[in-house]
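In my numbering, the protein residues as written are 131 to 402.
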């Protein structure tokens, strides 16, 4: 969708100030801890675009709270698994040998959206050190939550997600649904079935670029929409509905969602 189309479909003027009012109506306030997944295009035209969204979030949450976003760099991963698009098989080893090592400041995001890309550029944003599945955060707990991120525990209890589970986190879905809810990967780590596969990524080890191999849990976000819809039917008290810009928005209590997702996955185990 072009900017012209977005302007034509935007019914009223939108700005950082109008977003701040909507965030308060969604129950977001100073001191909250939130993990954000978003689609800027679904929000309609906003004066200042993604910068206005980031500044509105920071103004409402304040530095007494914490804002988190996924910052995955999926191109720094085992190329034999790439599908959209696939890498030609003769290139695989050359990719492993040459792709630059993960750098929290330089490594690009893939599929995270313009709001996340803007958030990464903020000088106070802290990004974790996982080469493929990093998170980034701003605010009170940013440094603590991003301080360690074990390579074999992308979304487990020792990851930033696991640290967040110990707090009163809210999941903010702006114009996206549960299939974009990275937090539900923690349910996969907590569920009984633990199938892993070999992975790889380029990292700096003692100042030298190396291709590092590791085992990681097989994750599957295709199930997340069904989990989320089931959760809403069973526990609507943990979901607040509204809009941000023109985007349908949900605010979900993270811990109850993760606990429900874990039970659901145990009850709906796929044959491997």
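Note that beta-carbon positions come from the ideal geometry of N, C-alpha and C, so glycine has one too.
query, result
"Taking only the alpha-carbon atoms, compute the straight-line gap between residue 252 and residue 236 and give it to the nearest angstrom.", "13 Å"
"Can you have a look at residue 296 and say buried or exposed, based on whether 16 or more other CB atoms are within 10 angstroms of its CB?", "exposed"
"Excluding sequence positions up to five away, which residues of its chain have a Cβ less than 8 Å from the Cβ of residue 155?", "372"
"Give me, in chain order, the residues of the same chain whose beta-carbon lies closer than 7 Å to that of residue 259; leave out the 5 immediate sequence neighbours on both sides.", "234 and 279"
"May I ask you to verify whether the region 319-328 touches the region 299-307, counting CB pairs closer than 8 Å and requiring at least 3?", "no"
"Residue range of the alpha helix (DSSP H) that residue 396 falls in?", "384-397"
"Assuming residue 268 and residue 188 are in contact, meaning their beta carbons sit under 8 Å apart, how far apart are those beta carbons, in whole angstroms?", "7 Å"
"Any contact between the region 134-154 and the region 205-212? By contact I mean 3 or more CB pairs, one from each, below 8 Å.", "no"
"For residue 138, does the three-state DSSP call read helix, strand or coil?", "helix"
"Taking only the alpha-carbon atoms, compute the straight-line gap between residue 402 and residue 179 and give it to the nearest angstrom.", "Because residue 402 sits at a pLDDT of 42, beneath the cut-off of 50, its placement in the model cannot be relied upon, and the following sentence gives the value as read from the coordinates. Taking the straight line from one Cα to the other gives about 44 Å."
"Confirm, please, whether the CB-CB distance from residue 192 to residue 157 is below 8 Å.", "no"
"Mind checking which residues open and close the beta strand (DSSP E) that includes residue 339?", "338-347"
"Would you tell me roughly how many angstroms separate the C-alpha atoms of residue 196 and residue 184, rounded to the nearest one?", "12 Å"
"For residue 131, count neighbouring Cβ atoms within 10 angstroms of its own Cβ and tell me buried if that reaches 16, exposed if not.", "exposed"
"Would you call the region 377-392 and the region 158-177 in contact, with 3 or more CB pairs under 8 Å?", "yes"
"For residue 117, does the count of other Cβ atoms within 10 angstroms reach 16, so buried, or fall short, so exposed?", "Any answer about residue 117 is impossible in this case: the structure gives the chain only from 131 up to 402."
"Is residue 137 a contact residue of the ligand HEM, with contact defined as CB to any heavy atom under 7 Å?", "Looking at this structure, you won't find the ligand HEM or any other ligand, since it has none at all."
"Could you check the C-alpha separation between residue 205 and residue 171 for me, to the nearest Å?", "24 Å"
"Assess, as a yes-or-no matter, whether the region 330-350 is touched by the region 225-232 under the definition of 3 or more beta carbon pairs within less than 8 Å.", "yes"
"Whole angstroms are fine: how far does the CA of residue 181 sit from the CA of residue 248?", "7 Å"
"Just to check my reading of the structure: residue 307 and residue 347 have Cβ atoms closer than 8 Å, yes? What is that Cβ distance to the nearest angstrom?", "About 23 Å; that fails the 8 Å criterion."
"State the DSSP-derived secondary structure class of residue 285, mapped to helix, strand or coil.", "coil"
"Could you check which residue in 317, 370 and 304 has the C-alpha nearest to that of residue 289?", "317"
"For residue 221, which beta-bridge partners are listed by DSSP?", "According to DSSP, which records beta bridges pairwise, residue 221 is partnered with nothing at all."
"By Cβ distance below 6 Å, which residues in the same chain neighbour residue 303 in space, the five residues on each side in sequence not counted?", "167 and 380"
"By a C-beta neighbour count over all protein chains shown, 10 Å radius and 16 as the cutoff for buried, is residue 397 buried or exposed?", "exposed"
"Just to confirm the assignment: which complete alpha helix (DSSP H) runs, minimum length 4, are found wholly within the region 187-236?", "222-228"
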